Structure formats: C-alpha cells, structure tokens
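Counting from 1, position 202 in the sequence shown corresponds to residue 341 in my numbering; the numbering is continuous, with no gaps.
Ideal Cβ placement from N, Cα and C applies to all residues, glycine included.
Just so we're clear, the structure is a prediction, and the values are computed from it rather than from any experiment.
Written below as structure tokens is the structure these notes are about.
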Amino acid sequence: MTTDNKMEKIVALAKRRGFFYLGSDLYGGLANTYDYGPMGVELLRNVKNLWWKTFVTKRADIVGLDASIVSHHKVWEASGHVAGFADAMVDCRNCKLRMRADHLIEDWILQNKDARQTVASGEYLTTEQLDTAFTLEKVEGWSMEQFDEFIKLFGVLCPTCSVKPPQWTSVRKFNLLFPVELGIVEGEGGKAYLRGETAQGMFVNFQNVLNSTRVKLPFGIAQIGKSFRNEITPGNSIFRTIEFEQGEIEYFFDDTKTDWQVLFEKWKESMWDFLTKKLGIAEEHLRWRPHTDEERSFYSKRTEDLEYQFPFGFKELWGLAYRTNYDLKQHQEFSKKDLTYANPQTGEKILPHVIEPALGVTRLVLAVLAEAYREEENRIVLSLPSHLAPVKVAVFPLLPNKPELVAKAREVLEMLQDAVDGKVLWDDRGNIGKRYLSQDEIGTPFCVTVDFQTLEDSMVTIRDRDSAVQERVAISTLGTYFQENLR
Ligand code: GAP
Numbered sequence: 140m141t142t143d144n145k146m147e148k149i150v151a152l153a154k155r156r157g158f159f160y161l162g163s164d165l166y167g168g169l170a171n172t173y174d175y176g177p178m179g180v181e182l183l184r185n186v187k188n189l190w191w192k193t194f195v196t197k198r199a200d201i202v203g204l205d206a207s208i209v210s211h212h213k214v215w216e217a218s219g220h221v222a223g224f225a226d227a228m229v230d231c232r233n234c235k236l237r238m239r240a241d242h243l244i245e246d247w248i249l250q251n252k253d254a255r256q257t258v259a260s261g262e263y264l265t266t267e268q269l270d271t272a273f274t275l276e277k278v279e280g281w282s283m284e285q286f287d288e289f290i291k292l293f294g295v296l297c298p299t300c301s302v303k304p305p306q307w308t309s310v311r312k313f314n315l316l317f318p319v320e321l322g323i324v325e326g327e328g329g330k331a332y333l334r335g336e337t338a339q340g341m342f343v344n345f346q347n348v349l350n351s352t353r354v355k356l357p358f359g360i361a362q363i364g365k366s367f368r369n370e371i372t373p374g375n376s377i378f379r380t381i382e383f384e385q386g387e388i389e390y391f392f393d394d395t396k397t398d399w400q401v402l403f404e405k406w407k408e409s410m411w412d413f414l415t416k417k418l419g420i421a422e423e424h425l426r427w428r429p430h431t432d433e434e435r436s437f438y439s440k441r442t443e444d445l446e447y448q449f450p451f452g453f454k455e456l457w458g459l460a461y462r463t464n465y466d467l468k469q470h471q472e473f474s475k476k477d478l479t480y481a482n483p484q485t486g487e488k489i490l491p492h493v494i495e496p497a498l499g500v501t502r503l504v505l506a507v508l509a510e511a512y513r514e515e516e517n518r519i520v521l522s523l524p525s526h527l528a529p530v531k532v533a534v535f536p537l538l539p540n541k542p543e544l545v546a547k548a549r550e551v552l553e554m555l556q557d558a559v560d561g562k563v564l565w566d567d568r569g570n571i572g573k574r575y576l577s578q579d580e581i582g583t584p585f586c587v588t589v590d591f592q593t594l595e596d597s598m599v600t601i602r603d604r605d606s607a608v609q610e611r612v613a614i615s616t617l618g619t620y621f622q623e624n625l626r
C-alpha cells in the first residue's frame, strides 16, 4: 500500500461505512466541509470524551467552559485576529486555481529538492532562508515579497494546469475569520465573527471563571468545540476544513512563582502520553517540531508542534505555545476591565501568563483512523482501541428466518445494551462471514452469534476482531466478559 493509496483507501472507507461524507454532498459538495456519519459521530464523541475526561474531569486544576461560537468583533480585534489572522494566497490566471502560497511552495520543494543548488539567494530571500525552506520543507513566516520571489526565482508551475510560462498573480493576504452580520434589518446589527479558535473564549471569560469558582493559580480553563477558518487550500479530507473541532486548554500561572520552562516540559509529557497511552498511537509516528523564530507568533516565547505521520507526511496535530500574558493584556486594554488575579494570601494583583496546548480534534480522528487501518489477505480491519470503537459489540442470529434464534439473539442484544458501556449493534443481513467482515471494517472489537446450540446450552460464540479467534461463552457471564475485555 503506497502512502497516497492509503489516504484514498481511508477516505473511501470513511464514506462507504459512514465515518464522514463531503458536506452538502447532495448538491455536489461544498469544498473543505465534511459531515460525520453514524460511525464517525460515535468515534468523534469517544475521542472528545476521552480528552475531556483526561484533562478536565480527572484534573483538580482544570475547569471546563463552553463559550459562544458567534462572538463580538472586539474579541477578535483585541486578540489580533482581525488585523493579522491571514494567509498568503496566489491565483493561477490560466486555470483559476487559488492556493495558499506557503502550501504551493512547500509541495513544490518536496518534489524538487535538487533545485536548491540553482539559486543562492534573492533580493528578499537570504541563503539561510532558502536552506531552511529546503531542509525543513516549511516556509512559514515569510513576507508576500519573499513568496513572490521564490515563485519567480524557481519558476514554480501551477500544479493543476502547468502552463508555461506560469501565470501567477502576485501573492496577497486574505483574512481567515468568518464575519457574520447580526440583526434582521441590514446595517442594524453589529458585526460579529464565528470564532477562529476556541482559545479566546477562555480569555474573555477569565474574570467570570475567577468570580464564580474557587480556582487558584496555577489552573487551566479547557474547552472543546467548533472553530471556523476560511481555508482555501483543498485539505486532505478532514485534515484541513473550514469548520473543525478544537480541544484547547489555557493554563494560567504566575510567572514569578512557576518556571514556564518546567511547565512547558510537563505539558509536552501529558500530550505525548495522551496520544501514545490513551489512544495507542505508535511513538514512531509522532515527533516534536519546534517553531523557527520566523514562524513563531510574535507574542509567543516558545511554540512546538506535536506532529503525526499522516499518509501524506508528518503534519501538525497538536500545538503547544507559551503565549505569555499577551491575550489577557490585550483584552484588559480593549475592554477597559480589570483582568488581574489577586493572590488570596497577599492580595497582590498580577496578570497571569499562559501555556496553551491546542489540539485539532477532527484532525485527531483522521490520525486515529490512519493508525488503525490494516489490510489483511481477505479483509480490511480498523484495529481501534476498544474505548474508541464506534460499536463495541455486534449481535447476530445465525439465521434471520428462524424465529427462535432471532428471539434469543434479541434477548442477548437487550441484555448487552444494558451491560456494555457503548453501542451494541444488531445485524442479520447476509451470511456470518460477511457480517464479520462488515464489523471488522468499522472496528467492532467483538461479534456475538446465537446459533442452534445456544438454544440448548445457553452459550454463544464470541469472535475477536483482531485475532479472529472464536470462543464459546455462557450468556450469564457475558456482562463480566465484556466489562473485562472492553477495558
Ligand atoms: N489557539 C491556538 C490555535 O488555534 P492552531 O495551531 O491554529 O492554534 C490548533 O490550531 C490545532 O487546530 C492545530 O494543531 C490543528 O490540529 C487544528 N487545526 C487548525 N486549523 C485547522 C483546520 N483548518 N482544519 C482542521 N484542524 C485545524
């Protein structure tokens, strides 16, 4: 299986088995949007629940929040998004392809590594910048002039039409925020934005949380939910979409009492452990990538991306940034409200600093699928950890047209729906072999078959997804069996 091939297969499986479909599919699809189907919604929910349980429910120092998606324009002016949340875009005049300039160049570098020798430097691009771009295959933080210069210096062709000479427009900025107009009469309502990150909800509610709970520094506010960005580059299925879910934590601390470097390392450990120990992602498929000085946001003292090896290469999954107290400072200035924290012992007031682990939850779903996807001689299996599997157990009557088998199997189904923590499915279509294959494709850890022998000995056949081994188990012990084996 080639890597490209693997991505195509995952996307095909996702559509065929109800994980996700192109958004507005009925009307020809809406680019970079996806709808989660019956299997996808369970998987997404399981991933979100695990994140919430790990970082909110089980931690005494982190509280949750669910802030509004539509937010006041001042939130985004204060945060810097209105002025600076922009990507560089370029159009091909010939075929009308519109692309992000950094993606165009990064994709081109990947396929033209040898071209580095041909150009030493330019007016805007130094030798070091070109070396870094070709070594890291990353060009983040460049100016519009630098993007333009690279495209001209190396004669980058349009990946769609390859017209010669290339007919690119000059590179220009476009803002990623989605504005919305409020109010029913035009012009009456104020301007608002769909949130571009969940993070700002934590900053604008910082005082509300302080005033309504008994939190003490250091503490975190966590939120999971949708964010919106006007992405233009086609995004490798659910990897990059205009509507996606984030799981973010703003971890506030007093920078004179807590060493931010120690805290940063602790967060790196927690994020790594979550992916490897709770989600079962192989360590060799993960790596940390520190941001270069050019790439890092101006307010951040240190940023590192935890990258996953997707079928199309190592890409960002989870960012970790030390944002100092930039955001609280900005909101304090724009709102003219006091956002300081008063030390409960001394009364001393400070504006806390923050470390932010920012996860792409829908992107994590793609990573989980890529990690679980296996092809064997005669079957496709999603080897999902059982706590993530959309369906935990499937129950089959051996034959669908034998009322006594169907009645017994229904009894088992109802019993398991009570006993098992998660979805238990019924399937009586096709022969048993086909039903097994169908469950393997959606990652169901166990199948239970009720056969004629069951009517005599009250035992069923349990078949394990990964080993395909079958064993006979008494119906009376099924509850305990699954409590132990689905852990
Ligand atoms: N508050 C910081 C922040 O939002 P980010 O690196 O822009 O940082 C965090 O986003 C995570 O959100 C990324 O690591 C990525 O996994 C996910 N993400 C960002 N843009 C996305 C998009 N268009 N589609 C899907 N996931 C996205």
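Buried versus exposed call for residue i [16 or more other C-beta atoms within 10 Å across all chains shown]
{"i": "V608", "result": "exposed"}
{"i": "L249", "result": "exposed"}
{"i": "Q256", "result": "exposed"}
{"i": "T395", "result": "exposed"}
{"i": "T619", "result": "exposed"}
{"i": "C234", "result": "exposed"}
{"i": "Y461", "result": "buried"}
{"i": "N185", "result": "buried"}
{"i": "E387", "result": "buried"}
{"i": "R574", "result": "buried"}
{"i": "Q385", "result": "buried"}
{"i": "F358", "result": "buried"}
{"i": "K531", "result": "buried"}
{"i": "Y166", "result": "exposed"}
{"i": "W427", "result": "exposed"}
{"i": "G572", "result": "exposed"}
{"i": "T583", "result": "buried"}
{"i": "D466", "result": "buried"}
{"i": "L552", "result": "buried"}
{"i": "L594", "result": "exposed"}
{"i": "Q471", "result": "buried"}
{"i": "E641", "result": "The structure shown does not extend to residue 641, since the chain spans only 140 to 626, so no value can be given for it."}
{"i": "S597", "result": "exposed"}
{"i": "A511", "result": "buried"}
{"i": "R611", "result": "exposed"}
First and last residue of the uninterrupted beta strand (DSSP E) at residue i
{"i": "I360", "result": "358-367"}
{"i": "K330", "result": "330-333"}
{"i": "W565", "result": "562-565"}
{"i": "F391", "result": "382-392"}
{"i": "S301", "result": "That residue, S301, is in no beta strand (DSSP E); it is neither H nor E in DSSP."}
{"i": "W191", "result": "That residue, W191, is in no beta strand (DSSP E); its alpha helix (DSSP H) goes 177-191."}
{"i": "S458", "result": "Per the sequence presented here, residue 458 reads as Gly, with Ser not at that position. Element bounds for G458: 452-463."}
{"i": "I371", "result": "Taken as a continuous stretch (DSSP letters only), I371 belongs to no beta strand (DSSP E), as it is neither H nor E."}
{"i": "Q484", "result": "Segment: none, Q484 is in no beta strand (DSSP E) and carries neither H nor E."}
8 Å Cβ cutoff met for residue i and residue j
{"i": "F585", "j": "D567", "result": "no"}
{"i": "A206", "j": "G179", "result": "no"}
{"i": "R310", "j": "M341", "result": "Residue 310 is actually Val in this sequence, not Arg. No."}
{"i": "S366", "j": "T337", "result": "yes"}
{"i": "L316", "j": "F224", "result": "yes"}
{"i": "I377", "j": "V202", "result": "no"}
{"i": "L633", "j": "R518", "result": "Residue 633 is absent from the structure shown; the chain starts at 140 and stops at 626."}
{"i": "Y175", "j": "L183", "result": "yes"}
Residue i - containing alpha helix (DSSP H), residue span
{"i": "H220", "result": "220-223"}
{"i": "L161", "result": "Per DSSP, L161 belongs to no alpha helix (DSSP H); it is in the beta strand (DSSP E), 159-161."}
{"i": "K405", "result": "399-412"}
{"i": "K573", "result": "571-581"}
{"i": "F542", "result": "Checking the sequence shown, residue 542 turns out to be Pro, not Phe. Residues 542-558."}
{"i": "A509", "result": "500-511"}
Near the ligand COA: residue i beta-carbon under 7 Å from a heavy atom
{"i": "L498", "result": "Ligands in the displayed structure: the ligand GAP; the ligand COA is not one of them."}
List, from N- to C-terminal side, the beta strand (DSSP E) runs of 3 residues or more that fit wholly inside the stretch 197-265. Runs found: 201-204, 209-211, 225-230, 237-239.
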